[in-house]
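In what follows, a structure is listed as structure tokens, so that the remarks can point back to it.
Number of protein chains: 2
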Amino acid sequence: MTRRKASATYTDIQRITGLSLATISKYYNGGNVLEANREAIKAASESLGFRLNRNASALRRGATRTIGVLLPSLHSQFHVSIVAVAEQFLRAHGYSVLLASDEGGPLGRSRDALELLLGRQVDGIITMPSHSDVPALTGVIESGIPVVAIDLWQPGLNADFVCLDNRGAGWLAGQHLVDHGHESVGVIVGDFAISTMKERYEGFAAAVPAAIPPELVQTGPLTSEWGHEAMNRILSQRPRPTAVFAANYDLTLGAVIAINESGLRLGQDISLIGFDGIELARVTQPTLTIVAQPVADLAHEAARTMHERLEGNRSAPSEPSMTRLAGSLVVGGSVATLRA
Amino acid sequence: MTRRKASATYTDIQRITGLSLATISKYYNGGNVLEANREAIKAASESLGFRLNRNASALRRGATRTIGVLLPSLHSQFHVSIVAVAEQFLRAHGYSVLLASDEGGPLGRSRDALELLLGRQVDGIITMPSHSDVPALTGVIESGIPVVAIDLWQPGLNADFVCLDNRGAGWLAGQHLVDHGHESVGVIVGDFAISTMKERYEGFAAAVPAAIPPELVQTGPLTSEWGHEAMNRILSQRPRPTAVFAANYDLTLGAVIAINESGLRLGQDISLIGFDGIELARVTQPTLTIVAQPVADLAHEAARTMHERLEGNRSAPSEPSMTRLAGSLVVGGSVATLRA
DNA sequence: CTGTTAGCGCCTTCAT
DNA sequence: ATGAAGGCGCTAACAG
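Residue numbers (numbering that gives the first Met the number 0), protein chains in the order written: chain R, 0 to 339; chain A, 0 to 339.
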């Protein structure tokens, strides 16, 4: 019967030191306390193994110093890095991270996750919003709880926003292919209803002089299965394009596998420029040329934005901010140089 | 001046319905309430946008229904999947996950992270303990807060424990090489002070008939850099072993890169059996044969164990449990079949 | 089935 | 610089 040992409270310290609760509270919250009393409190606290109950102080203060991070999934490295970096930044500033994902639930189940965070009285929410989240998140913002959205732009959502310069990233990929003499190019991309996919495609297309024929633009779900299938479709075209751009990590993964299976030589018979997956890019042969997203910077920026909303000048509500970070090209050996 | 809009409380519902706080509380906690009153409360609650303040009820009840997850890092897929799966399971059972990692801090900084979790009054802690965490975690356990350790065995830690059958996993790798006729084999592994590394090596060695000469056992830090360096060292041996086992994901990553750079053909000139990294294994050419850890099962088991400790039969404290899950061989094309 | 009462542990006026 | 008192929002006896 290992009952939880009741932890020490101010009252216990009071019993030892004879000081009032108010003084003890001041000690813990940076108020003025006589040196002698400070030491008495410190000694008592240590002998008791006292630990401030942050839940109780949160109740009293009306602020938990906890940030909710709400993500659709935690199985991609991208999503997860966001949590990792945000947690690190926020903890350094005295905040905790409460996690909620939608994993496995039916669509729209993120309301549950959101309810959980709100019920726990988080002071703010960092999220990758889906379209269906917009109404609920709008309510949250209106109730005065700041929301920082990452990655996906959702029209109508009045939140601070941090994202990749997707158009620029797509353009980098297109320009790299053009620079290497590629004229007939294919694209494997997600549904254009997803803001990132539309923008990456637009940027890519803007860099390529000739219009890309529809049969070389394969849109579908953001899965490696689709990347695989889409690459097979592109490879079966005649004439075959000389290069392909895969606009997301999973699509890239599937595309590489399809090329390997096809017997074509990557970077010789077919060029590929991928997206994200810096580790994946190092183990293919030849190594993969990719556009890399500054994931850590994105997450850091989101956490910083949240922190500023919470501790910045409260009298100036200011407009929602919008931060765009640039992607970068990581050159491997998967893009051949063509000569005219 | 967007002050946080005060959220509705029981008192507001009371004002509308005329019912007492106790009745309203019962409504939210599954007590007996007259149907008419249930409806009145429901209606009032909805019109107010009421949401139960779980922090306040936690304070009152002495239980937060929050589990702390304490990890040394969140940048590996392994660690992260643990969070993902545990969160999913625990949320389904009414628990939240509070995250804390040690990222970037000096060694022993996990005390901060642990303090943060305890200050937030978590009901339990799931962790991958480092050696230096043992004293602090022991204190936690003694105070009656259950701890479930994953992956790393730390002597002296009296917690429930969930891990891979590392010896068996190593054995699988060794046996696979033996089955394919390999007699001279190398191993890239981490420091034997790490329980998983020692056990994987022992299992591997047990499956291989001949003793493995010391120059073919490369121990070092668990990084891709070391995997790379270690593979280069092994490849420079004369005679060269015909196969190598890399005992962890990062080591495998580095080993693959080294082989690619060496000009040797994977699965022909040199065989490799890796560890984890199911995605990585699919994009190499040929695909990689690996021993895969059932990460999701491990995390699920840890979460289940925690849940049982918290809600199981409290009168039977029972001994710490120990759960070992088997790894599995994922056969790719990186192990050549040798004939005598 | 419902209401009254008394806190959980802490912070914050307001006196002193 | 310190103390006394009240209450954050909720739950758990205990009466009725």
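Glycine is no exception: its CB is placed at the ideal position from the N, C-alpha and C atoms.
Predicted, not measured: the structure shown is a model, and the values here were computed from it.
query	result
Beta strand (DSSP E) segment containing L97 of chain R, residue limits	95-100
Below-8 angstroms beta-carbon distance, G226 of chain A vs any chain R residue	no
Beta bridge counterpart(s) of L244 of chain R as assigned by DSSP	Note on residue identity: the sequence assigns Phe, not Leu, to residue 244 of chain R. Answer by DSSP bridge pairing, in chain order: R:V186, R:I272.
Closer than 8 angstroms to chain R by CB, N165 of chain A	no
Cβ contact (3+ pairs, closer than 8 angstroms) linking the stretch 157-167 of chain R and the stretch 177-191 of chain R	no
Under 8 angstroms between C-beta atoms of L271 of chain R and L287 of chain R	yes
Near-chain A residues of the stretch 36-58 of chain R (beta-carbon distance less than 7 angstroms), N- to C-terminal order	R50, L51, N52, R53, N54, A55, A57, L58
M343 of chain A, buried or exposed, once every other Cβ within 10 Å from all chains shown has been counted against 16	Outside the shown range of chain A, which is 0 to 339, sits residue 343 of chain A, and nothing can be said about it.
Beta-bridge pairing of L324 of chain A - partner residues as DSSP gives them	A:L163
Within chain A, the residues that L115 of chain R reaches when beta carbons sit closer than 8 angstroms	R90, S95
Interface residues of chain A facing K25 of chain R [CB-CB closer than 8 angstroms]	In chain order: nothing, as chain A lies at least about 18 angstroms away.
CA-to-CA distance, H175 of chain R to F203 of chain R, given in whole angstroms	10 angstroms
Cβ shell of N54 of chain A (< 7 angstroms), same chain only, five flanking positions each side left out	none
Alpha-carbon spacing of S122 of chain A relative to I66 of chain A, whole angstroms	Reading the sequence as shown, one finds Asp at residue 122 of chain A and not Ser. Going by the C-alpha atoms only, they are around 6 angstroms apart.
I277 of chain R and V243 of chain R closer than 8 angstroms at C-beta	no
Given R239 of chain R as reference, the closest of R:S223, R:P220, R:I211, R:E318 once Cα atoms are compared	R:I211
Exposure label - D190 of chain R; buried when at least 16 CB within 10 Å	exposed
Status (buried if at least 16 other CB within 10 Å, exposed otherwise) for M0 of chain R	For M0 of chain R, the pLDDT reaches just 42, beneath the cut-off of 50, and the residue's location in the model is therefore unreliable, leaving the point undetermined.
Inter-stretch contact (C-beta, 8 angstroms, three-pair minimum) for the stretch 10-22 of chain R and the stretch 67-74 of chain R	no
Chain R contact for Q76 of chain A (CB, 8 angstroms cutoff)	yes
Closest by C-alpha distance to W152 of chain A, when choosing among A:E141, A:M127, A:G143	A:M127
Supposed close pair L73 of chain A, E102 of chain A - CB separation, criterion 8 angstroms	7 angstroms
Environment of A192 of chain R [buried if 16+ CB atoms lie within 10 Å]	exposed
CB-CB length for L97 of chain R against L97 of chain A, believed under 8 angstroms	6 angstroms
Local conformation of A148 of chain R per DSSP, three classes	strand
Distance cut-off 7 angstroms: T10 of chain A Cβ against heavy atoms of the ligand ZN	With respect to small molecules bound, the structure shown includes none, and the ligand ZN cannot be examined in it.
Within chain A, the residues that S142 of chain R reaches when beta carbons sit closer than 9 angstroms	R3, K4, S6, G48
Check whether G167 of chain R and V133 of chain R have beta carbons under 8 angstroms apart	no
Run of the alpha helix (DSSP H) containing I277 of chain R, from where it starts to where it stops	277-282
Minimum Cβ-Cβ distance from N247 of chain R to chain A less than 8 angstroms	no
Beta-carbon spacing of N247 of chain R, E198 of chain R below 8 angstroms	no
Opposing strand residues paired with A291 of chain A [DSSP bridges]	A:S327
R281 of chain A vs G118 of chain R beta-carbon contact at 8 angstroms	no
Alpha helix (DSSP H) runs wholly inside the stretch 190-260 of chain R, at least 4 long, in chain order	194-206, 223-234
Closest by C-alpha distance to A57 of chain R, when choosing among R:V79, R:D150, R:Y94	R:Y94
R303 of chain A: contacting residues in chain R (beta-carbon distance under 7 angstroms)	Within chain R, no residue comes near R303 of chain A; the closest Cβ sits about 16 angstroms away, beyond 7 angstroms.
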